């Protein structure tokens, strides 16, 4: 009985270390995906943005430098197709930038 418990404990410890290692890789990969997502939005690469969202990037991700969401960036630049696609993918139109403006307010202001 003790051998079985010790064996099980060893398996659980091994799994725990494997999960931690996988989580580290996942965080690194996620950071790269997030950066690629914001860059694709800034360049109006609609298909690339769609593909990154399908790979698990958060549609409401904030740019780490400006604090703006992808929807706000697309609205500010007048990228109508990107705005539509982001909204279709569930982007929260109520999120605000650092100045307190939503994507709609920015779109109206920027034309």
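In my numbering, the protein residues as written are 71 to 181. All C-beta atoms in this analysis are idealised placements derived from N, C-alpha and C, irrespective of residue type, glycine included. All values reported here derive from a predicted model rather than from experimental measurement.
task: Would you mind reading off the limits of the alpha helix (DSSP H) that contains residue 169?
output: Indexing the chain shown from 1 puts residue 169 at position 99. No alpha helix (DSSP H) holds residue 169; DSSP gives it neither H nor E.
task: Take residue 115 as the anchor and find which of 142, 155, 133, 136 has the nearest alpha-carbon.
output: For this step, residue 115 is matched to residue 45 along the chain shown. Distances from the CA of residue 115 to each of 142, 155, 133, 136 were compared; the closest alpha carbon is that of 155.
- request: For the alpha helix (DSSP H) containing residue 146, list its first residue and its last residue.
  value: The residue given as residue 146 occupies position 76 in the chain shown. First-last of the alpha helix (DSSP H) with residue 146: 140 to 147.
query: Between the Cα of residue 172 and the Cα atoms of 109, 106, 128, 144, which residue gives the shortest distance?
result: Start at 1 with the first residue of the chain shown, and residue 172 comes out as number 102. Answer by Cα proximity: 144.
message: To the nearest angstrom, how far is the alpha carbon of residue 118 from that of residue 107?
response: By one-based count along the chain shown, residue 118 stands at place 48. By one-based count along the chain shown, residue 107 stands at place 37. Approximately 8 Å, taken between the alpha carbons.
task: Let me know if residue 169 comes out buried or exposed under the rule of 16 or more other beta-carbons within 10 Å of its beta-carbon.
output: On the chain shown, residue 169 is found 99 positions in, with the first residue counted as 1. With fewer than 16 other Cβ atoms within 10 Å, it is exposed.
query: Thinking C-beta only, is residue 162 closer than 8 Å to residue 127?
result: Here residue 127 is taken as the residue at index 57 of the chain shown, counted from 1. Here residue 162 is taken as the residue at index 92 of the chain shown, counted from 1. With contacts defined as CB atoms closer than 8 Å, residue 127 and residue 162 fail to qualify as a contacting pair.
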